[in-house]
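Heads up, the final residue of the sequence shown is numbered 92 in full-length UniProt numbering, and it's a clean run with no missing numbers.
Data block below; observations after.
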Amino acid sequence: MQLFTTGQSYNDGKFSSKTYDDAFKAATTTPDVLEPAKVDEHYKAAETALYQGSYINPVDFQANPALMNLKITGLEFHSTGLAYDLKSAYVK
Numbered sequence: 001m002q003l004f005t006t007g008q009s010y011n012d013g014k015f016s017s018k019t020y021d022d023a024f025k026a027a028t029t030t031p032d033v034l035e036p037a038k039v040d041e042h043y044k045a046a047e048t049a050l051y052q053g054s055y056i057n058p059v060d061f062q063a064n065p066a067l068m069n070l071k072i073t074g075l076e077f078h079s080t081g082l083a084y085d086l087k088s089a090y091v092k
């Protein structure tokens, strides 16, 4: 969601909304980031501001949940191309 904050370098659509920025900041900074219910509330407000203020809206998105052994480090996950990269991975 940081992608759509004002001034974000990858915000190619140049979306800008003070309501969105404020809600995103509240969801990702203290003290509210420590309270899941408040974080959800802020993300919902940000999502609403994005939906109402954007010209197009996504109808689908992907998530790739994964469990990771804490002894493995250097494993890289990517959103494009290879799903994960083992070149820097090793066991502690």
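Just so it is clear, CB atoms sit at the ideal spot from N, CA and C, and this is done for glycine as well.
If you're wondering where the values come from, they're calculated on a predicted model, not measured in any experiment.
CA-to-CA distance, residue j to residue i, given in whole angstroms
| i | j | result |
| --- | --- | --- |
| TYR51 | LYS92 | 44 Å |
| LYS18 | ASN69 | 40 Å |
| ASP12 | PHE4 | 9 Å |
| MET1 | PHE24 | 8 Å |
| SER9 | ILE72 | 32 Å |
| LEU67 | GLY81 | 20 Å |
| PHE15 | HIS42 | 18 Å |
| PRO65 | HIS78 | 12 Å |
| THR6 | ASP22 | 10 Å |
Simplified DSSP state of residue i, which is helix, strand or coil
| i | result |
| --- | --- |
| PHE77 | strand |
| TYR43 | helix |
| ASP12 | coil |
| TYR55 | coil |
CB of residue i within 9 Å of CB of residue j, strictly
| i | j | result |
| --- | --- | --- |
| ALA89 | LEU75 | yes |
| ALA49 | VAL39 | no |
| TYR20 | ALA37 | no |
9 Å Cβ cutoff, residue i in contact with chain C
| i | result |
| --- | --- |
| LEU86 | Protein chains in the displayed structure number just one, and chain C is not present. |
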